[in-house]
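Residue numbers (this note's numbering): 4 to 258. All residues carry an ideal CB built from backbone N, CA and C; glycine is no exception. If you're wondering where the values come from, they're calculated on a predicted model, not measured in any experiment.
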Amino acid sequence: MSEPATVDTPLKKLVGEKTAKALAGHLDLHTAGDLVYHFPRRYDERGEHTDIRSLDVGEQVTVLAQVQRTAVRPMRQRRGNLLEVTVGDGSGGLLTLTFFGNQAWRERELRPGRWGLFAGKVTEFRGKRQLNGPEYVLLGEGGDGEAAVSDEIEEFAGALIPVYPAAAAVPTWVIARCVRVVLDTFTPPEDPVPATVRASRNLVGLGTALREIHRPSSKEELYRARHRLKWDEAFAVQLTLVQRKHRAADWPARP
């Protein structure tokens with residue numbers, strides 16, 4: 004079992020030296036605390052899963068579909084291959100999922116017959132609807148029956164996807180992956196706000212806010228996380244102003 008991470012734990016101990024170096028060099032993130040306080044700038048919604056035949060170009064969708072076939076093709080404009088995965092939802096509609104680069108592991112994962120939820124923005128190429136590099140989750144891997152699959156569908160379709168301030172060398176999906184790794188073992192700092200104050204201000208605990216700002220399972224969770232963290236920010240500003248006022252009062256008056 005991994006040791007618990009604290010705000011001072013170096014990221015290289017949690018996400019590997021190469022990734023930690025990129026986070027430090029491009030985003031000035033060095034510790035678990037730096038990363039946990041690197042909040043998403045917005046959230047995308049996957050939405051309810053959609054019938055493939057009703058997809059519109061430009062729409063952000065989630066489809067429940069079964070893998071029909073896969074094909075690896077060379078890219079025309081640059082070196083390398085792309086993986087095309089054709090999926091269907093049983094209604095007669097087909098959709099192409101396109102993944103660029105070395106995707107041998109993904110080809111093994113997305114084998115014909117597997118069901119999954121696939122989320123992304125609909126584009127069109129040569130008259131065919133497609134999703135480029137979609138997010139997805141394969142269903143039924145846990146082997147717990149139809150109820151578990153139903154829960155997976157509901158959880159995935161309703162999720163809010165965090166989008167982080169990023170850099171070309173460190174895209175948002177890399178940051179999101181690192182945040183997941185850190186949060187799995189993260190021990191938040193002691194909450195500086197007393198429980199009585201939190202109750203009177205309707206504030207969740209600091210640890211809860213830090214988890215939910217990155218992993219909100221609903222808009223309500225996101226709202227309460229933002230409410231707490233914005234309150235902390237406003238309180239810190241007020242405290243700074245009071246400290247400056249006291250320091251100014253201590254200065255000797257000019258004759």
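Whole angstroms are fine: how far does the CA of residue 239 sit from the CA of residue 104? 46 Å
Determine the burial state of residue 12: buried for a count of at least 16 other Cβ atoms within 10 Å of its Cβ, exposed for fewer. buried
Could you compute how far the alpha carbon of residue 188 sits from the alpha carbon of residue 142? 26 Å
Could you tell me which residues DSSP puts in a beta bridge with residue 63? 124
Below 8 Å on the Cβ atoms is my contact criterion, and I expect residue 35 with residue 8 to pass it. Report the Cβ-Cβ distance as a whole number of Å. 4 Å
Would DSSP call residue 32 helix, strand or coil? coil
Strictly under 8 Å for the Cβ-Cβ distance: is residue 94 near chain B by that measure? The question asks about chain B, but that chain is absent: this structure has only one protein chain.
Grouping DSSP H, G and I as helix and E and B as strand, with all else coil, what is residue 40? coil
What whole-angstrom Cβ distance do residue 99 and residue 89 have, given they're in contact under 8 Å? 6 Å
Are the CB atoms of residue 217 and residue 184 nearer to each other than 8 Å? no
CA nearest to the CA of residue 140, picked from 32, 68, 128, 107: 68
Does DSSP put residue 171 in a helix, a strand or coil? coil
In chain order, what residues of the same chain lie with their CB nearer than 7 Å to the CB of residue 4, ignoring the 5 residues before and after it? Here the model assigns residue 4 a pLDDT of 47, short of 50, so the residue's position is not dependable and the matter cannot be decided.
Residues near residue 146 by beta carbon distance below 6 Å, same chain, minus five either side: For residue 146, the pLDDT reaches just 43, beneath the cut-off of 50, and the residue's location in the model is therefore unreliable, although a value from the coordinates is still provided. Counting only Cβ-Cβ distances below 6 Å, and skipping sequence neighbours, we find nothing.
Out of 169, 45, 235, state which residue places its alpha-carbon closest to the alpha-carbon of residue 38. Ranking 169, 45, 235 by CA distance to the CA of residue 38 puts 169 first.
How long is the line joining the alpha carbons of residue 197 and residue 80, rounded to whole angstroms? 60 Å
Here's a check: name, in chain order, each residue in its chain whose Cβ is nearer than 8 Å to the Cβ of residue 46, leaving out the five neighbours to either side. Result list for residue 46: 163, 164, 165, 166, 219, 225, in chain order.
From the DSSP output, read off the bridge partner residues of residue 76. 85
Roughly how many angstroms lie between the CA atoms of residue 234 and residue 193, to the nearest whole one? Pairing residue 234 with residue 193, the inter-Cα distance amounts to about 16 Å.
Could you tell me whether the Cβ atoms of residue 14 and residue 30 are closer together than 8 Å? no
Check this for me: beta carbons of residue 110 and residue 86, under 8 Å apart or not? yes
Under 8 Å between the Cβ atoms of residue 97 and residue 55? The Cβ atoms of residue 97 and residue 55 sit closer than 8 Å to each other.
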